[in-house]
């Protein structure tokens with residue numbers, strides 16, 4: 007083998023450099039979009055948990071205020087309160103305590119309040135005079151003593167005497183069980199008015215902070231490190247932490263002798279960012295607490311130091327009505343675990359693809375120098391290129407849906423290239439451009455399959471609901487397994503005429519998949535020359551499909567296990583092939599479509615497996631939406647050869663991605679003489695519509711400041727551009743979104759990646775409806791993806 011020439015060496019070096027640049031570009035773009043999506047998901051998660059806890063806490067406060075107020079209005083309590091108020095409180099302390107403690111009103115009050123104490127988280131009650139003396143209490147040794155509430159919080163106590171009803175913040179005190187352990191309590195306070203008494207007494211319910219109060223914050227916990235907690239205007243904690251023991255230990259405190267409520271949300275490292283807000287205070291609070299106590303509600307997804315000296319991300323708010331702040335936080339490491347794992351996999355697969363491509367380059371060069379036979383060199387180069395393309399397909403198939411936006415650019419510009427004169431005049435370039443579009447389409451299908459599997463794991467797999475004929479689907483499924491049954495001498499019998507049964511609404515592909523699975527099992531596990539019986543019953547607004555075999559049956563103890571993944575109920579010890587996942591997958595699919603599955607068996611006689619699907623109005627509505635969504639399936643993206651007359655078009659396009667703006671502009675250039683104004687936000691688009699008129703509006707559903715549906719609602723509410731049709735251009739093709747598009751009065755929908763022919767068709771149809779308003783509703787217009 008001869009030495010490589012300088013020219014070949016330079017070309018090889020340039021190609022390797024370009025591939026390395028492409029590698030890092032792919033990794034960078036993947037990380038950028040993955041992180042963007044991860045932060046958006048994290049923002050929604052933090053917001054959901056913080057909102058849930060905040061709403062629950064406000065409801066809890068309102069409930070406790072209502073309870074204590076309702077009790078304070080009890081006539082028996084008011085009467086006994088008036089009686090105790092008549093005892094002269096100027097008596098010596100010991101005499102006053104004695105008279106109050108032995109007074110018959112104590113028993114009456116205890117009996118009156120007992121139902122409330124038993125029903126709610128009330129641990130003790132106190133009836134306090136305006137002068138701060140405890141007139142009655144569930145703790146007899148406290149009667150006649152000074153009230154801690156009146157002494158320590160005189161302003162709050164005076165507010166109650168003036169008619170307010172309030173809930174105090176948690177305070178730490180010794181438990182009343184004889185131990186030295188402390189606990190946190192809140193007090194619900196209300197005035198008790200009585201006839202012939204100038205000033206009311208105060209009813210105080212002591213509430214255990216570890217009860218329903220703590221539940222308000224526990225619902226805000228998620229993951230292994232995520233939690234929600236409250237704090238006052240000094241940064242002092244008002245709720246317990248799931249990390250109480252380790253946190254207090256780090257402060258040198260015993261969690262049994264004290265609690266987190268005696269500590270403050272301070273930053274142990276003192277390394278937090280001192281921006282303009284933080285610089286105004288110097289109390290060592292964490293970044294979050296320092297912001298919140300200033301009355302600021304915000305979010306930080308980049309990371310900051312919390313009170314446990316751990317980097318976290320979080321969202322917080324300040325509630326002026328409750329006089330406290332709330333925060334939801336999770337460790338930075340856990341928050342971005344998914345991103346780290348995904349990027350590691352992407353880098354690994356990208357590296358493998360790069361290595362394969364580099365290997366391909368050197369192989370091609372080696373073949374070119376070694377062989378003079380041009381045809382042989384081309385054949386081997388083609389084989390090597392196919393191997394490299396397979397490696398790239400494996401790499402790209404593992405990508406998540408974050409690549410949908412760059413895919414839109416790839417497929418969109420590929421279609422535009424197919425329309426350019428330079429490409430059309432060069433057959434080789436035209437074939438290459440067609441390959442770009444077809445490869446982009448293939449990658450889109452792979453990504454959608456990955457998303458389907460991921461959605462299956464979390465119960466979000468999409469379905470295409472259509473009307474299905476019972477007789478036809480049974481015939482199709484029987485035909486699929488009939489050959490295998492014939493080979494074993496097994497007859498498949500339909501027990502009755504299925505043609506009289508009504509059509510039902512379901513996903514046809516997955517329903518066939520389940521029926522074939524049941525029939526295949528009935529054949530596999532049947533006896534030689536046995537039978538398989540099919541029966542479909544219509545009862546209680548549902549169809550029940552029964553598949554019965556004449557095999558050896560399944561033991562009762564094993565029958566429940568057949569629905570578990572990879573559990574073959576003892577059949578793994580036989581020579582019958584199977585993975586044990588078919589029935590488990592079928593169960594998930596049926597339940598996702600609103601149905602049920604079941605089985606029965608008799609040893610020696612055989613087994614019956616069945617599933618049911620509903621015949622409901624709801625299912626029919628779902629089918630309608632699904633058929634609309636099904637029209638947007640990803641079936642063809644190859645270029646169209648049809649040529650339509652050009653027309654003038656003034657367009658307003660709401661799209662925040664610059665790359666997508668370029669694609670749409672290029673596509674409009676193909677068939678229209680257009681003047682297009684692009685807006686990256688919905689608010690800017692609304693402002694333009696107040697001063698300008700347009701022929702059509704192209705609308706993305708995911709704008710930075712509002713959704714496309716909010717934009718459409720604003721158009722209708724403010725009567726902006728009432729005669730201008732709106733066409734949605736979006737990557738969200740779920741059946742739910744399709745239904746919302748129909749309901750919103752949007753005339754057409756074009757899915758991303760955008761197909762040139764689809765965009766032109768949607769615009770033409772929308773303009774026809776504008777010119778002929780007496781035509782049927784345009785909400786039925788949808789185009790293939």
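In this note's numbering, the protein residues as written are 7 to 791. Even for Gly, the Cβ is constructed at its ideal location relative to N, Cα and C. Source: prediction; values computed, not measured.
Asked                                                                                                                                                                         : Found
Given this structure, state the Cα-to-Cα distance separating residue 552 from residue 43, to the nearest angstrom.                                                            : 45 Å
Quick one: what's got a C-beta closer than 7 Å to residue 746's C-beta in the same chain, skipping five residues either side?                                                 : 715
Check whether the Cβ of residue 758 lies closer than 7 Å to any heavy atom of the ligand MG, and answer yes or no.                                                            : With respect to small molecules bound, the structure shown includes none, and the ligand MG cannot be examined in it.
Could you check how far apart the C-beta atoms of residue 4 and residue 233 are, in whole angstroms? I think they sit under 8 Å.                                              : The first residue shown for the chain is 7 and the last is 791, placing residue 4 beyond what the model contains.
Give me the Cα-Cα distance between residue 161 and residue 172, rounded to the nearest whole angstrom.                                                                        : 12 Å
Taking the straight line between their C-alpha atoms, what separation do you get for residue 720 and residue 695?                                                             : 11 Å
Quick one: give me the first and last residue of the alpha helix (DSSP H) that residue 775 is part of.                                                                        : 762-777
Please return the same chain residues whose Cβ sits closer than 6 Å to the Cβ of residue 111, not counting the five positions on each side in sequence.                       : 86, 89, 90
If residue 684 sits next to residue 599, beta carbons under 8 Å apart, how far is it from one beta carbon to the other, in whole angstroms?                                   : That belief does not hold up - the Cβ atoms of residue 684 and residue 599 are roughly 42 Å apart, past 8 Å.
Write down every uninterrupted run of the alpha helix (DSSP H) in the region 168-246 whose length is 4 residues or greater and which is fully enclosed by it, in chain order. : 218-224
Considering Cα atoms alone, identify which of 675, 193, 668 is closest to residue 652.                                                                                        : 675
Just to confirm, is the Cβ distance from residue 239 to residue 299 under 8 Å?                                                                                                : yes
Which parts of the region 669-705 are runs of the beta strand (DSSP E), unbroken and 3 residues or longer, counting only runs that do not cross its ends?                     : 678-685, 702-705
Across the region 725-744 and the region 753-764, are there enough close Cβ pairs to call them in contact, namely three or more that are closer than 8 Å?                     : yes
Distance check for residue 235 and residue 341, CA to CA, integer angstroms please.                                                                                           : 18 Å
Please report the distance separating the alpha-carbon of residue 547 from that of residue 482.                                                                               : 24 Å
Can you tell me whether DSSP reads residue 156 as helix, strand or coil?                                                                                                      : helix
In angstroms with no decimal places, state the Cα-to-Cα distance between residue 488 and residue 763.                                                                         : 43 Å
Between which residues of its own chain and residue 682 is the CB-CB distance below 7 Å, once the five residues before and five after are set aside?                          : 657, 659, 671, 674
Skipping 5 residues on each side, what residues in its chain have a beta carbon closer than 6 Å to that of residue 127?                                                       : 213, 214, 217, 218
Could you tell me whether the region 555-568 touches the region 597-615, using the rule of 3 or more Cβ pairs below 8 Å?                                                      : yes
Would you kindly check if the distance between the Cβ of residue 507 and the Cβ of residue 544 is under 8 Å?                                                                  : yes
Taking a contact to mean a Cβ-Cβ separation below 8 Å, would you say residue 435 touches residue 479 in this structure?                                                       : no
Between the alpha carbons of residue 493 and residue 742, how many angstroms are there, rounded?                                                                              : 45 Å
With C-beta atoms as the reference, is residue 254 less than 8 Å away from residue 272?                                                                                       : no
Considering only residues of the same chain and omitting the five flanking positions on each side of residue 523, which have a CB-CB separation below 6 Å?                    : 588, 592
Counting Cβ pairs closer than 8 Å, one from the region 317-332 and one from the region 300-307, do we hit at least three?                                                     : yes
Only counting the same chain, and skipping five residues up and downstream in sequence, which positions put a Cβ closer than 6 Å to that of residue 337?                      : 231, 316, 318
Going by DSSP in three states, residue 429 sits in which element: helix, strand or coil?                                                                                      : helix
Going by beta-carbon coordinates alone, are residue 149 and residue 103 separated by less than 8 Å?                                                                           : yes
Tell me residue 537's beta-bridge partners as DSSP assigns them.                                                                                                              : 497
Is DSSP giving residue 81 helix, strand or coil here?                                                                                                                         : helix
How many angstroms separate the CA atom of residue 418 from the CA atom of residue 442?                                                                                       : 10 Å
Could you have a look at residue 711 and say whether DSSP puts it in helix, strand or coil?                                                                                   : coil
Rounded to whole angstroms, what's the CA-CA distance from residue 168 to residue 194? Just pull it up for me.                                                                : 15 Å
For residue 442, which of helix, strand or coil comes out of DSSP?                                                                                                            : helix
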